[in-house]
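Shown next, in structure tokens, is the structure this report addresses.
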Amino acid sequence: MHPSIKTLAIILLTGLLIISTASLASPSDDPGKAHIVVTVNGKDINERTLKSYAQQRGLPPEAIDGPQRDALIEELVNRELIYQHAVSIGVDKTPAIQAEIEHLRINIIAGAMLNRSSDRFAVNEADMKKEYESRQDELSGTEYKARHILVAAEHEAEAIIEELNQGGDFSQQASEHSTDPSASSGGDLGWFRAEQMMQPLGRAVEAMKKGSYTKTPVKTDFGWHIIQLEDARSVAPPPYDSIKEQIRVGLQSRLMENYIADLRKEAKIKKP
Numbered sequence: 031m032h033p034s035i036k037t038l039a040i041i042l043l044t045g046l047l048i049i050s051t052a053s054l055a056s057p058s059d060d061p062g063k064a065h066i067v068v069t070v071n072g073k074d075i076n077e078r079t080l081k082s083y084a085q086q087r088g089l090p091p092e093a094i095d096g097p098q099r100d101a102l103i104e105e106l107v108n109r110e111l112i113y114q115h116a117v118s119i120g121v122d123k124t125p126a127i128q129a130e131i132e133h134l135r136i137n138i139i140a141g142a143m144l145n146r147s148s149d150r151f152a153v154n155e156a157d158m159k160k161e162y163e164s165r166q167d168e169l170s171g172t173e174y175k176a177r178h179i180l181v182a183a184e185h186e187a188e189a190i191i192e193e194l195n196q197g198g199d200f201s202q203q204a205s206e207h208s209t210d211p212s213a214s215s216g217g218d219l220g221w222f223r224a225e226q227m228m229q230p231l232g233r234a235v236e237a238m239k240k241g242s243y244t245k246t247p248v249k250t251d252f253g254w255h256i257i258q259l260e261d262a263r264s265v266a267p268p269p270y271d272s273i274k275e276q277i278r279v280g281l282q283s284r285l286m287e288n289y290i291a292d293l294r295k296e297a298k299i300k301k302p
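Oh and the sequence shown: position 244 is 274 in my numbering, straight run, nothing missing.
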């Protein structure tokens, strides 16, 4: 699958592109029948525009019928006056504005298509429970409790390891030498899963025994690390209800990836 498909699917599902159905006119909507709330230099502004503007402001639907109504209408009047003046001096004809208008047009139409195709990406309870059951091994696993020391140079890390080999206290060494914020707590990292750690730290922790520390420094982009594994424990999968929404989004993302992949198969795509 093309690497950009998954990214696009996630963007669409998180609402960066999808346009709310409430802000799009339905096929039966007739702009001429919408209640006019104000007219500015002959240009009517209707109730639907007021509702859409309130949504863009992040206001609840009842705002357009409450004390804020008059203020919102005045804001629309101001916006319309600025717009009309901009058009009168040709601002809308500049290449940059035309490009932005085209970008918004594509977003709105693509969003409307996704709203129209919402059934295509529907996920029911049975689908989510089946996915949950199939991921039991992935959702369960092992958590680790560790400390670490981060230094800039390999020779610094090697010197600290030598101190530990001589019976030095790991927590004290972390407090005195580590450049990581965890130094203030003796290098304590708390509980975590190996996959939550940057590599190769995660792999190093998985290979360790409780009570041990890395005998050679582990290098990452941040510097050189020494890790001490204090404890490990098995964890059960989280309750279904606690990750139900995460599962739903994941399944919908997969459906959207398939939809986009099908479109790409039929498309003629050329890159310069």
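The beta carbon of each residue, even a glycine, is placed where N, CA and C say it ideally should be. From a predicted model like this one, the values you see are computed outputs, not experimental measurements.
{"Check": "Opening and closing residue of the alpha helix (DSSP H) in which residue 285 lies", "Outcome": "270-296"}
{"Check": "8 Å contact criterion, which residue 243 and residue 258 should meet: CB distance rounded", "Outcome": "4 Å"}
{"Check": "Test item: CB-CB of residue 210 and residue 179 under 9 Å", "Outcome": "yes"}
{"Check": "Paired residues, beta bridge with residue 259 - DSSP", "Outcome": "176"}
{"Check": "Beta-carbon proximity of residue 151 to residue 282, cut-off 9 Å", "Outcome": "yes"}
{"Check": "Residue 51 in three-state terms, based on DSSP", "Outcome": "Below a pLDDT of 50, predicted positions are generally treated as unreliable, and residue 51, at 43, falls in that range; the measurement from the model is reported next regardless. In this structure, residue 51 counts as helix in the three-state DSSP scheme."}
{"Check": "Pair within 9 Å by beta-carbon distance, residue 189 and residue 253", "Outcome": "no"}
{"Check": "Residue from 98, 102, 93 and 108 with nearest C-alpha to residue 71", "Outcome": "108"}
{"Check": "Helix, strand or coil at residue 157 [DSSP, three-state]", "Outcome": "helix"}
{"Check": "Cβ-based neighbour list, residue 56, same chain, cut-off 6 Å, excluding 5 preceding and 5 following", "Outcome": "Reliability fails at residue 56, whose pLDDT of 48 lies under 50, so the model's placement of it is uncertain and no value is given."}
{"Check": "Buried/exposed call for residue 174, threshold 16 Cβ in 10 Å", "Outcome": "buried"}
{"Check": "Straight-line Cα distance separating residue 104 from residue 50", "Outcome": "Residue confidence for residue 50 is low, a pLDDT of 44 falling below 50, so the modelled location carries little weight; the figure read from the coordinates is stated next. Between residue 50 and residue 104, the C-alpha separation is close to 24 Å."}
{"Check": "Stretch-stretch touch, CB-based, cutoff 8 Å, three pairs: the stretch 196-207 with the stretch 223-239", "Outcome": "no"}
{"Check": "Outcome for residue 79 when other beta-carbon atoms lying within 10 angstroms are tallied against a minimum of 16", "Outcome": "buried"}
{"Check": "Under the three-state DSSP convention, the category residue 75 falls into", "Outcome": "strand"}
{"Check": "Euclidean distance between Cα positions of residue 130 and residue 137", "Outcome": "11 Å"}
{"Check": "Within 9 Å, strictly: CB atoms of residue 264 and residue 164", "Outcome": "no"}
{"Check": "Residue 222 versus residue 85 - alpha carbon distance", "Outcome": "40 Å"}
{"Check": "Span separating the alpha-carbon of residue 66 from that of residue 273", "Outcome": "46 Å"}
{"Check": "Simplified DSSP state of residue 66, which is helix, strand or coil", "Outcome": "strand"}
{"Check": "Three-state secondary structure assigned by DSSP to residue 249", "Outcome": "strand"}
{"Check": "is_contact[residue 72, chain B] using C-beta, thresh 9 Å", "Outcome": "Among the chains in the structure shown there is no chain B, since it carries only a single protein chain."}
{"Check": "Residue span of the beta strand (DSSP E) that contains residue 219, given as start and end", "Outcome": "218-223"}
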